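Peer 1: In our numbering, the protein residues as written are 959 to 1218. Think of the CB as a built atom: it goes at the ideal place given N, C-alpha and C, for glycine as much as any other residue. None of these values were measured; they are calculated from a predicted model. For reference, the structure I am asking about is given below.
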Amino acid sequence: MRLTEIMTELEEFCPKSFAMDWDNPGLQAGRADKEVSAVYLAVDATSDVIEDAARQKADLILTHHPLLFSGLKHVTDQDFIGKRVLRILQADMALYAMHTNFDVMGMAAEAAEELHLLNPDVLEVTYEDSISHEGLGRIGELPEHMTLRECAQYVKDVFRIPEVRVYGDPESPVVMTAILPGSGKDEVDAAIERGADVLITGDITHHVGLDAVEKGISLIDAGHYGVEKMFVPYMRDYLKREMPYLTVICAPEKEAFTVI
């Protein structure tokens, strides 16, 4: 199957037009006319991921995060991005990213479903027409009443996360719950406006956490990777269902940091 055909199907599922203006989804490196029989799935195109994909003879690396966000002036082995681009090309692979367009069309809805949120709705609408509205995050009611502490444990269990950071009174009740996988510090006010008791997201800084509690909302920081790692099994199932003739290889789960 040619990469152009795969790209067409992926962009029907997650149109690039749904991505945020600052984003850069789509083909990052490689030949669009390349024949693809094996796809390697990962959240990030790290050096380890690229080497493992080459070792397993993948033709396409499909990631959530783009390797290239802004224009490059040079592609050489003298910088950490250029080295990876060159390695992908040397191994005759291609790299394709599905980022905020996947956040809008797949990630948020799947996260809400995993949490069994009742009556889920889009947290922040970024696209709307006469038929539907789409956007970032989801908001809905937890399947049962919980304290913030119990909700944090629920998040750990559902997403298989060893630890989370909690901002707010652990014994406070939470019902209305917003979730935005990845980095959601800019959506705190949107969650407050929608009446959320808690926002589950990642990359919460010290002052964002303090300010959120002062504004009356609790936060559960599940990490950037903690929830977004679902990209790999989600896309594995999608490819096996929609393109069963492809071999699908999944990168092992691995956080970017180690807690000591």
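Can you look up SER1176 in the DSSP assignment and give me helix, strand or coil?
Peer 2: Taking the sequence shown and counting its residues from 1, one reaches residue 1176 at position 218. Here SER1176 sits in strand by DSSP.
Peer 1: Taking the alpha-carbon positions, what's the THR1105 to GLY1167 distance?
Peer 2: In the sequence shown, the residue the question calls residue 1105 occupies position 147. In the sequence shown, the residue the question calls residue 1167 occupies position 209. Roughly 18 Å between the two C-alpha positions.
Peer 1: Roughly how many whole angstroms lie between the Cα atoms of ILE964 and LEU1076?
Peer 2: Reading the sequence shown from its first residue, position 6 is the one you call residue 964. Reading the sequence shown from its first residue, position 118 is the one you call residue 1076. Going from the Cα of ILE964 to the Cα of LEU1076 covers about 34 Å.
Peer 1: Taking the alpha carbon of ARG1042 as the reference point, which residue from THR1004, LYS1031 and LEU1020 has its own alpha carbon closest?
Peer 2: Numbered from its first residue, the sequence shown carries residue 1042 at position 84. For the residues THR1004, LYS1031 and LEU1020, the minimum Cα distance to ARG1042 belongs to THR1004.
Peer 1: Residue range of the alpha helix (DSSP H) that GLU1151 falls in?
Peer 2: Position 193 of the sequence shown, counted from the start, is the residue given in the question as residue 1151. Looking at the DSSP string, the run of the alpha helix (DSSP H) that includes GLU1151 is 1146-1151.
Peer 1: Output the distance between the C-alpha atoms of PRO1101 and HIS1074, rounded to the nearest integer angstrom.
Peer 2: Start at 1 with the first residue of the sequence shown, and residue 1101 comes out as number 143. Start at 1 with the first residue of the sequence shown, and residue 1074 comes out as number 116. Looking at the two C-alpha atoms, the distance is approximately 6 Å.
Peer 1: Three-state secondary structure (DSSP) at ARG1123?
Peer 2: Taking the first residue of the sequence shown as 1, we reach residue 1123 at position 165. Reduced to three states, the DSSP call for ARG1123 is strand.
Peer 1: How many angstroms separate the CA atom of THR962 from the CA atom of PRO1128?
Peer 2: Counting from one through the sequence shown, the residue named residue 962 turns up at place 4. Counting from one through the sequence shown, the residue named residue 1128 turns up at place 170. One C-alpha to the other measures close to 50 Å.
Peer 1: HIS1032 lies in the alpha helix (DSSP H); which residues open and close that run?
Peer 2: The residue labelled residue 1032 in the question sits at position 74 within the sequence shown. Run containing HIS1032: none; DSSP gives neither H nor E here.
Peer 1: Can you check whether the CB of VAL1001 is closer than 8 Å to the CB of GLU1121?
Peer 2: Within the sequence shown, residue 1121 is the residue found at index 163, counting from 1. Within the sequence shown, residue 1001 is the residue found at index 43, counting from 1. Not in contact: GLU1121 and VAL1001 (Cβ atoms no closer than 8 Å).
Peer 1: Could you compute how far the alpha carbon of PRO983 sits from the alpha carbon of ALA1170?
Peer 2: One-based indexing of the sequence shown puts residue 983 at position 25. One-based indexing of the sequence shown puts residue 1170 at position 212. One C-alpha to the other measures close to 31 Å.
Peer 1: Considering only the alpha carbon of each residue, which of ALA996, LYS992, VAL1083 and PRO1139 lies closest to GLY1184?
Peer 2: Position 226 of the sequence shown, counted from the start, is the residue given in the question as residue 1184. That would be PRO1139, whose Cα lies nearest to the Cα of GLY1184.
Peer 1: Sort out for me which residues DSSP pairs ASP1079 with in a bridge.
Peer 2: Locating residue 1079 in the sequence shown gives position 121, where the first residue counts as 1. Beta-bridge pairing links ASP1079 to ILE1097.
Peer 1: According to DSSP, is SER975 helix, strand or coil?
Peer 2: Translated into positions along the sequence shown, residue 975 becomes position 17. Of the three classes helix, strand and coil, the one that applies to SER975 here is helix, per DSSP.
Peer 1: Which residues in the same chain have their Cβ closer than 8 Å to the Cβ of VAL1007, if we skip the five residues on either side of it in sequence?
Peer 2: Residue mapping note: residue 1007 aligns to position 49 of the sequence shown, counting from 1. Cβ within range, chain order: TYR998, ALA1000, ILE1019, THR1021 and ALA1209.
Peer 1: Let me know the secondary structure DSSP gives ILE1162 once reduced to three states.
Peer 2: By one-based count along the sequence shown, residue 1162 stands at place 204. It is coil, neither helix nor strand.
Peer 1: Do ILE1178 and ILE1150 have their C-beta atoms within less than 8 Å of each other?
Peer 2: On the sequence shown, residue 1178 is found 220 positions in, with the first residue counted as 1. On the sequence shown, residue 1150 is found 192 positions in, with the first residue counted as 1. It is not a contact, given that the beta carbons lie outside the stated cut-off.
Peer 1: In its own chain, which residues sit with a C-beta less than 6 Å from the C-beta of ALA990, not counting the 5 before and 5 after it?
Peer 2: Position 32 of the sequence shown, counted from the first residue, corresponds to residue 990. Closer than 6 Å at Cβ, skipping near neighbours: LEU961 and THR962.
Peer 1: Using the beta-carbon count (16 or more within 10 Å), is GLN1036 buried or exposed?
Peer 2: One-based indexing of the sequence shown puts residue 1036 at position 78. Exposed, since its Cβ has fewer than 16 Cβ neighbours within 10 Å.
Peer 1: May I have the straight-line CA-CA distance separating VAL1116 from MET1193, to the nearest angstrom?
Peer 2: Sequence index remark: in the sequence shown, residue 1116 carries index 158 (1-based). Sequence index remark: in the sequence shown, residue 1193 carries index 235 (1-based). For VAL1116 and MET1193, the distance between alpha carbons rounds to 18 Å.
Peer 1: Report the option in TYR1054, SER995, LEU1094 and LEU1047 whose CA atom is closest to the CA atom of PHE976.
Peer 2: The sequence position of residue 976 within the sequence shown is 18, counting from 1. When each option's Cα is compared against that of PHE976, the closest is LEU1094.
Peer 1: Suppose you measure from the CA of VAL994 to the CA of LEU1081; what does that come to, to the nearest Å?
Peer 2: Residue mapping note: residue 994 aligns to position 36 of the sequence shown, counting from 1. Residue mapping note: residue 1081 aligns to position 123 of the sequence shown, counting from 1. Cα to Cα, VAL994 sits roughly 37 Å from LEU1081.
Peer 1: With DSSP as the reference, label VAL1156 as helix, strand or coil.
Peer 2: Translated into the one-based positions of the sequence shown, residue 1156 becomes position 198. Residue state, collapsed to three classes: strand.
Peer 1: Let me check understanding here. Comparing Cα to Cα, which of ALA1110, CYS1109 and MET1134 lies closest to ARG1096?
Peer 2: Translated into positions along the sequence shown, residue 1096 becomes position 138. Residue MET1134 is the option with its Cα nearest to ARG1096.
Peer 1: Can you look up SER1141 in the DSSP assignment and give me helix, strand or coil?
Peer 2: Walking along the sequence shown from the start, residue 1141 turns up at place 183. SER1141 falls in the strand class under three-state DSSP.
Peer 1: So, using beta-carbon positions, are HIS1091 and ASP981 closer together than 8 Å?
Peer 2: Residue 1091 sits at position 133 when you count from the first residue of the sequence shown. Residue 981 sits at position 23 when you count from the first residue of the sequence shown. Against a cut-off of 8 Å, the Cβ pair of ASP981 and HIS1091 comes out as no contact.
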